[in-house]
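Structure (structure tokens):
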């Protein structure tokens with residue numbers, strides 16, 4: 001059974017919540033033993049049950065993700081070093097999403113901490129992420145049906161995230177994955193990994209004013225022009241009032257939509273952020289035809305819409321979705337068609353995960 005679970009990153013300036021009452025109390029330990037992560041065959045005591053850690057799904061500098069069981073279902077148990085963890089952000093997002101009955105989010109099954117070593121979150125186990133699935137396709141691209149339906153569901157997921165008051169600030173294919181076929185969730189695309197997420201509204205539901213002098217957030221390939229421009233301003237010691245908002249998540253969504261449709265982006269092999277920024281700016285001018293090559297003609301309209309949104313404005317999710325649905329009808333695509341990866345080979349019994357390049361991406365982006 002393949003699995004995709006949340007990546008983890010460091011985000012500064014966020015306070016950890018108080019632990020739950022039943023969490024293990026801090027015991028005297030030698031300094032060098034602090035932040036000891038659990039290992040395979042260890043058990044984590046949750047609220048009502050223990051989770052035996054059966055297999056490593058992924059690991060990195062600050063944490064390990066394990067395969068475990070919750071009754072008759074397999075689950076992902078994500079652990080991070082107590083002093084480095086940002087899992088409380090993930091918990092906040094999933095709590096809000098579950099309360100809102102958001103369709104495209106994992107179930108938050110359990111969470112807690114074993115002070116002073118680690119914190120943990122137990123959540124839905126997913127299939128391979130979209131980046132990995134696309135890389136396994138011929139020519140690294142999905143067919144018209146799969147790419148369009150993936151884009152539609154990803155858009156719905158982004159809208160759900162914004163409706164509960166959060167920004168992702170790292171929308172990309174690697175943070176979306178279908179559910180497990182054995183749990184009848186394979187037709188649903190889930191958004192996960194909220195290590196860079198941030199509340200964009202205050203307690204009264206008002207949009208928080210944009211901040212200044214904030215460092216880079218996200219992944220270079222899918223980062224918005226605002227993210228690039230802000231980074232350029234900071235690099236040149238200029239003051240910038242630009243901050244990331246809902247429109248920037250939509251812009252990142254559009255880049256991944258084009259990539260899933262075409263199989264590439266003009267800046268795919270470019271690693272320098274300034275050069276990537278130049279390529280994205282060219283995609284609005286002389287490079288627009290190349291950027292949208294072999295995509296539906298309506299994508300040009302969507303790009304114009306996304307670029308027109310301001311920081312404060314609520315994106316027209318429904319209007320964009322309607323454009324995508326019109327494309328679907330034009331092409332005679334049914335929403336319940338098989339995904340391109342749905343064959344016997346892709347649903348092997350081996351557990352795989354998308355963690356192998358997490359630390360590299362975290363350092364670069």
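Numbering (UniProt numbering), first residue to last: 1 to 365. C-beta: ideal position from N, C-alpha, C; glycine also.
Residue i - DSSP class collapsed to helix/strand/coil
i: residue 270; result: coil
i: residue 76; result: strand
i: residue 282; result: helix
i: residue 114; result: strand
i: residue 23; result: Legend: pLDDT at residue 23 = 45, less than 50; position of this residue unreliable, value from coordinates given subsequently. Note: residue 23 maps to coil in three-state DSSP.
i: residue 58; result: strand
i: residue 183; result: helix
i: residue 313; result: coil
i: residue 225; result: helix
i: residue 276; result: helix
i: residue 340; result: coil
i: residue 140; result: helix
i: residue 38; result: coil
i: residue 265; result: coil
i: residue 318; result: helix
Extent of the continuous alpha helix (DSSP H) to which residue i belongs
i: residue 291; result: 288-291
i: residue 95; result: 87-99
i: residue 153; result: 144-163
i: residue 308; result: 298-308
i: residue 258; result: 246-262
Residues that DSSP places opposite residue i in a beta bridge
i: residue 323; result: DSSP, once it has assigned bridges, lists no residue as partnering residue 323.
i: residue 45; result: 50
i: residue 124; result: 75
i: residue 105; result: Beta-bridge pairing links residue 105 to no other residue.
i: residue 81; result: 118
i: residue 178; result: 189
i: residue 331; result: None, per the DSSP bridge assignment.
i: residue 166; result: 199
i: residue 207; result: 201
CB contact flag (residue i, residue j, <8 Å)
i: residue 109; j: residue 70; result: yes
i: residue 246; j: residue 162; result: yes
i: residue 190; j: residue 126; result: yes
i: residue 62; j: residue 81; result: yes
i: residue 254; j: residue 302; result: yes
i: residue 170; j: residue 217; result: yes
i: residue 325; j: residue 298; result: no
i: residue 174; j: residue 129; result: yes
i: residue 295; j: residue 151; result: no
Boundaries of the beta strand (DSSP E) in which residue i is found, first to last residue
i: residue 133; result: Looking at the DSSP string, residue 133 is not in any beta strand (DSSP E); the run it does join, the alpha helix (DSSP H), is 130-135.
i: residue 68; result: 63-70
* May I ask you to verify whether the region 209-225 touches the region 261-280, counting CB pairs closer than 8 Å and requiring at least 3? => The region 209-225 is in contact with the region 261-280.
* **Inter-stretch contact at 8 Å, needing at least 3 Cβ pairs: the region 140-148 / the region 244-263** => Yes, since at least three Cβ pairs between the region 140-148 and the region 244-263 fall closer than 8 Å, the two stretches touch.
* Asked: Do the region 180-200 and the region 289-299 make contact, defined as three or more Cβ pairs closer than 8 Å?
  -> Contact fails: fewer than three Cβ-Cβ distances are below 8 Å.
* To do: Flag this pair as touching only if the region 84-101 and the region 190-206 have three or more C-beta atom pairs under 8 Å; answer yes or no.
  => Between the region 84-101 and the region 190-206, the count of C-beta pairs closer than 8 Å reaches three or more; the two stretches touch.
* Report yes or no: do the region 101-108 and the region 150-160 share at least 3 C-beta pairs separated by less than 8 Å? => Contact between the region 101-108 and the region 150-160 is present, because at least three Cβ pairs lie under 8 Å.
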